[in-house]
Amino acid sequence: MLRHTDLVFGFAEEGSGKLIAFARVLTDRVYRAFIFDVIVAPAHRGEGLGAALVEHILSHPVLAKVESFQLTCKPDMMPFYGKYGFRRPEQVFMARSSTS
Numbered sequence: 099m100l101r102h103t104d105l106v107f108g109f110a111e112e113g114s115g116k117l118i119a120f121a122r123v124l125t126d127r128v129y130r131a132f133i134f135d136v137i138v139a140p141a142h143r144g145e146g147l148g149a150a151l152v153e154h155i156l157s158h159p160v161l162a163k164v165e166s167f168q169l170t171c172k173p174d175m176m177p178f179y180g181k182y183g184f185r186r187p188e189q190v191f192m193a194r195s196s197t198s
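Note that this note's numbering has the sequence shown beginning at 99, numbered continuously upward.
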């Protein structure tokens, strides 16, 4: 997964170096950037790490001219992402799920 990800962002815990927050972006660097896996360790939620990740992604120089950022999230996370201009799409999106 990481080998084929364009950009990876994270925070490590001071001292231990343990990964405590993570996000990744797949992009063509022109038209679309898809944000995946914005994850913060439960013990570090509420510290602003998720916000810092999203803000860094949206302002990253490689992504500065990307036309559209997209992501998927659970309904309870919509207010968080709404602060950064993400909105429920007006179009219908289709997804395929495989459990093979």
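Glycine included, C-beta positions come from ideal geometry on N, C-alpha and C.
For residue i, count the other beta carbons within 10 Å of its own beta carbon; 16 or more makes it buried, fewer makes it exposed. Which is it?
i: Thr125; result: buried
i: Leu151; result: buried
i: Leu117; result: exposed
i: Gly113; result: exposed
Skipping 5 residues on each side, what residues in its chain have a beta carbon closer than 6 Å to that of residue i?
i: Phe167; result: Ala131
i: Leu169; result: Ile133
List the DSSP bridge partners of residue i.
i: Arg130; result: Ser166
i: Leu105; result: Val123
As a quick exercise: from the options, pick the residue whose alpha carbon is nearest that of residue i.
i: Gly108; options: Cys171, Val136, Met176; result: Val136
i: Met99; options: Ser114, Ile118, Val123, Glu112; result: Val123
i: Ala119; options: His102, Val164, His154; result: His154
What are the uninterrupted segments assigned as alpha helix (DSSP H) that are 4 or more residues long and contained completely in the segment 137–190, given in chain order?
Runs of the alpha helix (DSSP H) inside the segment 137–190: 147–157, 176–180.
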